[in-house]
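Numbering (the working numbering), first residue to last: 9 to 193.
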């Protein structure tokens, strides 16, 4: 891990401030290696230590930057794997380019596949919402026959689109499973 980038990030966060991330007992326990490992595993940026420092300073406790950095590096190794990348992308979460280049070459394609899956799933949710609205329109007794017929025509079109998108999603999930990204269904 690039120490200069790490410590520049810390300095930036000290300048910007932040919210409390740890409670008093966590600060007093002082497991900075474990806290760093947890932050790395969860894909937090290394400048999160500045937030921890601000939280713990209120309780009269300082941080151990060396232990945090070592733990962070270990945790980041667990974060920078393709199954985690796919999950991150599928959830619509951002990736902050934390992984080292050798891990990123496998991470980024998995993340992109997850983002593609997320986009299709978002579209499916919108289509389902539209289907529900069209069904209500078709059953609206106050609507004209012409309006109900138009809703029925639109419903057929939207259902066809939904079926196509479901096949697309299923193909993306099959690809993710084939690549070993876990039980993605």
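Beta carbons are placed, not taken as given, at the ideal position from N, Cα and C, and that holds for glycine. Just so you know, these numbers come straight off a predicted model, no measurement behind them.
Can you look up residue i in the DSSP assignment and give me helix, strand or coil?
{"i": "residue 19", "result": "With a pLDDT of only 39 at residue 19, under 50, the local geometry of the prediction cannot be trusted, and the value read off the model is given with reservation. In the structure shown, residue 19 sits in a helix (DSSP, three-state: H, G or I)."}
{"i": "residue 152", "result": "coil"}
{"i": "residue 42", "result": "helix"}
{"i": "residue 7", "result": "Since the first residue shown for the chain is 9 and the last is 193, residue 7 is missing from the structure and cannot be characterised."}
{"i": "residue 9", "result": "Any reading at residue 9 is ruled out, since the residue's pLDDT is 45, under 50, leaving its predicted position unreliable."}
{"i": "residue 79", "result": "helix"}
{"i": "residue 61", "result": "helix"}
{"i": "residue 95", "result": "helix"}
{"i": "residue 190", "result": "coil"}
{"i": "residue 124", "result": "helix"}
Identify which residue in the options has its Cα closest to the Cα of residue i.
{"i": "residue 167", "options": "72, 141, 147", "result": "141"}
{"i": "residue 32", "options": "95, 179, 41, 70", "result": "70"}
{"i": "residue 99", "options": "119, 113, 108", "result": "119"}
{"i": "residue 116", "options": "57, 133, 96", "result": "96"}
{"i": "residue 178", "options": "164, 161, 126", "result": "126"}
{"i": "residue 77", "options": "60, 89, 123, 67", "result": "60"}
{"i": "residue 85", "options": "49, 55, 130", "result": "49"}
{"i": "residue 121", "options": "183, 52, 34", "result": "183"}
{"i": "residue 56", "options": "68, 73, 66, 67", "result": "73"}
Using the Cα positions of residue i and residue j, report the straight-line distance between them to the nearest angstrom.
{"i": "residue 29", "j": "residue 63", "result": "6 Å"}
{"i": "residue 80", "j": "residue 44", "result": "4 Å"}
{"i": "residue 190", "j": "residue 46", "result": "21 Å"}
{"i": "residue 180", "j": "residue 133", "result": "16 Å"}
{"i": "residue 93", "j": "residue 138", "result": "31 Å"}
{"i": "residue 91", "j": "residue 145", "result": "42 Å"}
{"i": "residue 143", "j": "residue 174", "result": "20 Å"}
Mind checking whether the beta-carbon of residue i lies closer than 7 Å to any heavy atom of the ligand PLP?
{"i": "residue 189", "result": "No copy of the ligand PLP occurs in the structure displayed, which carries no ligand at all."}
Taking 8 Å as the CB-CB limit, is residue i close to chain D?
{"i": "residue 149", "result": "As a matter of chain content, chain D is missing from the structure shown, which is built from one protein chain."}
Taking only runs of the alpha helix (DSSP H) that begin and end inside the region 126-188, which ones reach a length of at least 4 residues, in chain order? 153-186
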